Amino acid sequence: MPKQPTNDNASYFEFDVMREAFNRWVDEDKVPEDQWRWRATKLVRIVTGDDYVDPNVVEWIIRKSPGAD
């Protein structure tokens, strides 16, 4: 089971929604993988309203789901 992301301004549910939105965004817009971290960081900043983004949150959001490819 993946470690739950942490951030003071968002719940696990909100991070899960962000992850799903991010995955759809990357898939639909064919975003190159080298832009994923930057875009995931920006998404978290927009949703949480916080300038600081825990790098573990970004890694969790961009992590590929098992069976994806």
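Quick note, the sequence shown lines up with residues 2 to 70 if you use the working numbering.
Ideal placement from N, C-alpha and C gives every residue a C-beta, glycine not left out.
Since we're looking at a predicted model, the values are computed, not measured.
Query: Can you tell me the Cα-Cα spacing of W26 and Y53, whole angstroms?; Result: 22 Å
Query: By the 10 Å Cβ neighbour count, where 16 or more other Cβ atoms means buried, how is V45 classified, buried or exposed?; Result: buried
Query: Am I right that V48 and E15 are in contact with their C-beta atoms under 8 Å? What's the rounded C-beta distance?; Result: 7 Å
Query: Taking A41 as the reference, give the member of Y13, S12, M19, K65 with the closest Cα.; Result: M19
Query: Assuming I63 and W37 make a contact with CB atoms under 8 Å, what is their CB distance in whole Å?; Result: 5 Å
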